[in-house]
Amino acid sequence: SISAGTLTAANVNNVRYANQFTGADAGAKIAAAIADLPSTGGTVDARGLEGTQTFSSNIVIGSTTRCVTLLWGYGTLTTTNGSTITISGCSKFLGPDRTGNGARLSFSGLGASVDAITLLFPTNGANNNLTSQELAGFYVDCNNSGRDCVRVRGGRGWKVHDLFITRGLRDGLVIGGLAVGEWSEQYEISNVMVFNNGRHGVRFDTSVADSTYIDVGTTSNIMSLDNGVNEQGYNWIYILGTISVAQGIDQ
C-alpha cells in the first residue's frame, strides 16, 4: 500500500521486508519472511525493525540447499531465553557497516554447551563446495552466557569480518567442526576484535574428528584484548591441531 508518500509492502522486487510480516517479536517476523522465500532462497530485509528488538526462538538463516541473505540495520537484536542464530549453507547475515558497532546482537540464557552464533555447512563434506556463509557488521555480546560466542563449523569460502565479539563464556571466535567431515578452506577472517572473553580470543580447533581440518585461508587485522584473566595463561589466538593459512596470521 502507499500512503503519505510511503510504500508499505512485504514483497518488493522479490525482496521480503521482515517488518511487514506478522510475528510476536522480531525473530518471528524474520522467520516468517524467510519462510515466504522460494525454495531456492533470496533476500530478507530486516532493516525496518528499528531500535531494540527481541527474538525468543532460534533464528535459522537458510539451509544446505537454500541460500538466504538477511540484512539488519542500526539496532539491537536481543534474546534472554537462550535462543541462537544459525547461518547455514551459502547464507549470509549482514549488518549495516564495517565498524560493527552500529548493530548489536545480544545473547543471554544460553545453555552450557550452546554457542550463540553458528556458521554451519552441509553434513556431507562432498557438498561443501556449495558453502559461502558470511557474518559481518555486528557487535556481538554473549553476556558470559553459553559456551563460545561465534563458531564456524566449516565450509569452503566462508567469511567472518568487521565484527566485535565480547563476553563469550569460553572463547570469542572458534573455527572448528563438531562432527566428522566439517572442515574449512579458502576462508577469510578480517577486521575482527575479540575482547573480554572467558578464555581464548580466537581458537582454531582441528581436534574433533580425523577428517576435520582447517586449510588455506586468510586472516588479517585481528585484535584481541583482555581475554581470559587479562590474557594470563590463555592465548589471544590458540591453535589446537594443525592448520594452513595462505597469508599467515596477521595481528
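Using the numbering used here, the letters of the sequence shown correspond one by one to residues 88 to 338.
All C-beta atoms, glycine included, are put in the ideal place defined by N, C-alpha and C.
No experiment lies behind these values; they were computed from the predicted model shown.
Supposed close pair residue i, residue j - CB separation, criterion 8 Å
i	j	result
I262	F282	About 18 Å separates the two Cβ atoms, so there is no contact after all.
A105	V131	6 Å
T205	T166	Not confirmed; about 14 Å, so no contact.
F208	R240	6 Å
Residue j beta carbon less than 8 Å from that of residue i
i	j	result
G233	L197	yes
G114	S144	yes
D235	R254	no
G288	G264	no
D112	Q140	yes
G176	S150	yes
Y274	W245	yes
C229	A203	yes
N231	G285	yes
Residue environment, residue i, which counts as buried when at least 16 other CB atoms sit within 10 Å
i	result
R185	exposed
M310	exposed
N308	exposed
T156	buried
G138	exposed
A199	exposed
D267	Note on identity: in this sequence residue 267 is Val, with Asp being the wrong assignment. Answer is exposed; the Cβ neighbour count stays below 16.
N100	exposed
T293	buried
A96	exposed
T171	buried
T127	exposed
Spatial neighbours of residue i in its chain, beta-carbon cut-off 6 Å, leaving aside the 5 residues before and after
i	result
V247	L222, I276
D249	R185, G187, A223, G224, N278
A119	F108, G110
G160	R134, P183
L181	L158, A223, G224
M280	F251, M310
K179	T156, E221
V102	T130, D132
Residue i: CB within 7 Å of a non-hydrogen atom of the ligand GTP
i	result
E137	Absence of the ligand GTP is noted for the structure shown, with no ligands found whatsoever.
Beta-carbon contacts of residue i that lie in its chain and below 7 Å, excluding the five residues immediately before and after
i	result
P125	none
E269	F208, R240, G241, T299
C154	G128, G176, C177, S178
Interface flag, residue i vs chain B, CB-CB below 8 Å
i	result
D132	No chain B is present in this structure, which holds just one protein chain.
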